[in-house]
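Below is one structure, written out as structure tokens; the observations come after it.
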Amino acid sequence: MTLQFYNSLTRNLEPFQSIRPGKAGLYSCGPTVYDYAHIGNFRAYVFSDLLHRTLRLFGYEVQLVMNITDVDDKTIRAARQRQIPLGEVTRPFEAAFHEDLAKLHILKAGTYPRATDHVPEMIRMIEKLREAGHVYESEGSLYFRIESFPDYGRLINLQREELRAGASKRVASDEYEKEQVSDFVLWKGWVPEDGAVAWDSPFGKGRPGWHIECSAMSTKYLGDHFDLHTGGMDNKFPHHENEIAQSECCTGKTFVNTWIHCSHLMVDGKKMSKSAGNFYTLRDLLGKGYSAEAIRHLLISTHYRNFLNFTLEGLAASGKAIAKINAFAQELTQAAQNGAEGPGAPLVDLAAAKEKRFRDSLADDLNASGAMGAVFEFMHEARERRDSWTKTAAKAALAFLETAQSVFACFDLAPAATAPEAAYPEAVAALLEARKAARASRQFSESDRLRDALAALGWVVKDTPKGQILERS
RNA sequence: GGAGGGUUAGCCAAGCGGUAAGGCAGAAGUUUGCAAAACUUCCAUGCACCGGUUCAAAUCCGGUACCCUCCUCCA
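Read in order, the letters of the first sequence are residues 149 to 621 in our numbering.
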């Protein structure tokens, strides 16, 4: 099956055909580094990673670019409030962002261009647009005249008359400085609130508008015309619409073939957002003891174009689900080492069939839920075929799980051996040792008393055929 | 007001015309000194509602209800 994606530009499912055979250029809208990203933001990045990994699974060499927005109203405001240079606001959050990406097993982009490192490119682009007659000046700032781009509004199916009317009640009626309310700024003339944040340009001292950075940086690293551009639904308008206008008016070429937008993460039926205050950061959740893998599982468990209602209950369910696959991988690893000889055809064939279902699901517009279903079906049906768990077949089964892991990246297929008892605090280790002795002499009331004692210290003890195992309660 | 999306078991969720995947929770059983874990089995005559098309509809068409997003901070 070939890959197909839902293209926001055409509102249709389309077979994916890359511009250059075997290669895919992917631009993923990155963060504004004025604060920690919340997991609603990370849904978009995990979605983009799912796309990235799926493209790789299907043999594409992916060139991924993700921007870091390190100059805008919010970052400048934070710098002013804290009375520190802009970079001292943005760099720590940029570093935190990369740490969070790594924790969520999001593959690294080839480049993470910063807006502040690409101001000359943006200025050149604005100059080109000005020469082509798309730009006008007002009160020291430069604006893009959307009337000069007939295709404006394709992404959101916008009626141009509505724009003219300024249909949104949110538009302040005193914004006269623009010819039309939906014209957007390319270059913001310096104002005192900007403080030291300013660049010299042929249009005077100032700073770039938000939208121009993505046009300048994406075309710099991926070319004037590239394959895929992703982001959250709320970036369709105005951000991506404006990117298209700027880029196409500047280069005269089609900008991006396929636009893919992921839907929002909800909390209590409402969009998770900074402004609403109903958000969790990755750090919050890790601090509560949830694993990054469970978070990743939850984020990919719903199709990217559907709303995902985030709950801690759902997160706990994800943690339990992935633990079962991990245990299954353990069993298979045992069989791969100690199993019988022979082809084990039933298990080998089953793995091939489920892998096909897995790949077909992903190819169909990134249906991760269907693909995850294939993995669980495989686990159950493999156990029904235990007779065929030969060394060879178990290796084939593990190979399928590794393929699944190459896209989902939420399992632990080779978990470390249970920590030795010596690794526990002394008091805990002593209780464990005493309980072990009590159990050896079948003094179960003493054993249960020691279990309660451990519970009082915050540990749950479980008896397995291999001995006692401790877990944090 | 305009544009777009949604409604499938207690919760999450796939399904894209051929008779309801999967996960969590729950129930019973195997195992266990007892638990836990693991494993096995069970768990929607039904897909918001009302019509229509069809041999066949959760899937297509028309309508109704409710929910959500966007319409220049937003991933």
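Backbone N, C-alpha and C define an ideal beta-carbon position, used for all residues, glycine too.
Everything numeric in this text was worked out from a predicted model, so none of it was measured.
#1: In three-state terms, what does DSSP make of G170?
#2: Using a Cβ distance threshold of 8 Å, determine whether the stretch 176-183 contacts the stretch 221-241, with at least three qualifying pairs required.
#3: Identify every run of the alpha helix (DSSP H) within the stretch 372-427, keeping only runs that are complete inside it and at least 4 residues long; order them along the chain.
#4: Pull the bridge partners of E279 from the DSSP assignment, please.
#5: Pairs of beta-carbons, one from the stretch 244-263 and one from the stretch 206-215, closer than 8 Å: are there three or more?
#6: State the Cα-Cα distance for the pair I254 and G380, rounded to the nearest angstrom.
#7: Please classify R262: does DSSP put it in a helix, a strand, or coil?
#8: What residue range is occupied by the uninterrupted alpha helix (DSSP H) comprising W358?
#9: With DSSP as the reference, label D513 as helix, strand or coil.
#10: On the CB-based measure, 16 or more other CB atoms within 10 Å of its CB, does D600 come out buried or exposed?
#11: Please name the residue, chosen from A577, A493, F524, V555, that lies closest to S536 on a Cα-to-Cα basis.
#12: Just verifying my parser: in three-state terms, what is the DSSP assignment at R355?
#13: Taking DSSP as the reference, what is the three-state secondary structure of K472?
#14: On the three-state DSSP scale, how would you describe D611?
#15: For G337, report the span of its beta strand (DSSP E) as first-last.
#16: Return the chain-ordered list of same chain residues with a C-beta closer than 8 Å to the C-beta of L303, the five sequence neighbours on each side being excluded.
#17: Have a look at A465, E295, I617 and flag the residue whose alpha-carbon is nearest the alpha-carbon of Y572.
#18: Check I617 in the structure and name its three-state DSSP category.
#19: Buried or exposed, going by whether 16 or more other CB atoms sit within 10 Å of the CB of V319?
#20: Please state if the CB of A257 and the CB of S366 are separated by a distance shorter than 9 Å.
#21: Are the beta-carbon atoms of L430 and M420 separated by less than 9 Å?
#22: Kindly list the residues whose CB is nearer than 8 Å to the CB of A464, restricted to its own chain and excluding five residues on each side of it in sequence; keep chain order.
#23: Can you tell me the Cα-Cα spacing of E361 and G615, whole angstroms?
#24: DSSP state of H622, grouped into three classes?
#25: From this set, E341, D372, D331, K336, which residue's C-alpha is nearest P233's C-alpha?
#26: What are the start and end residues of the alpha helix (DSSP H) that includes L434?
#27: What residue range is occupied by the uninterrupted alpha helix (DSSP H) comprising N189?
#28: Does the Cβ-Cβ distance between A346 and R355 come in under 9 Å?
#29: Going along the chain, which residues of its own chain have a beta-carbon closer than 6 Å to the beta-carbon of E522, five neighbours each way excluded?
#30: Terminal residues of the continuous alpha helix (DSSP H) containing E574?
#31: Can you tell me whether E327 is buried or exposed, with buried defined as 16 or more other CB within 10 angstroms of its CB?
#32: Could you check what DSSP says for F164 in three-state terms: helix, strand or coil?
#33: So what's T180 in DSSP terms, helix, strand or just coil?
#34: For F153, which beta-bridge partners are listed by DSSP?
#35: Does the pairing of the stretch 507-527 with the stretch 443-450 give three or more beta-carbon distances under 8 Å?
#36: Taking just the CA atoms, how far does A575 sit from D596?
Quick answer:
#1: coil
#2: yes
#3: 389-399
#4: Partner(s): none; E279 has no beta bridge.
#5: yes
#6: 17 Å
#7: strand
#8: 358-370
#9: coil
#10: exposed
#11: A493
#12: strand
#13: helix
#14: strand
#15: 332-337
#16: S156, L157, K384, F385, H388, E389, I392, W407
#17: I617
#18: strand
#19: In this predicted model, V319 has a pLDDT of only 40, less than 50, meaning its place in the structure is not dependable; the value taken from the coordinates is given anyway. Counting Cβ neighbours within 10 Å, V319 comes out exposed, since fewer than 16 surround it.
#20: no
#21: no
#22: Y438, A442
#23: 59 Å
#24: Because the chain is modelled from 149 through 621, residue 622 falls outside the range shown and cannot be assessed.
#25: E341
#26: 430-435
#27: 187-205
#28: yes
#29: Looking at the sequence provided, one finds Ala at residue 522 rather than Glu. Same-chain partners within the cutoff: K502, R505, F506.
#30: 574-588
#31: exposed
#32: coil
#33: strand
#34: E162
#35: yes
#36: 17 Å
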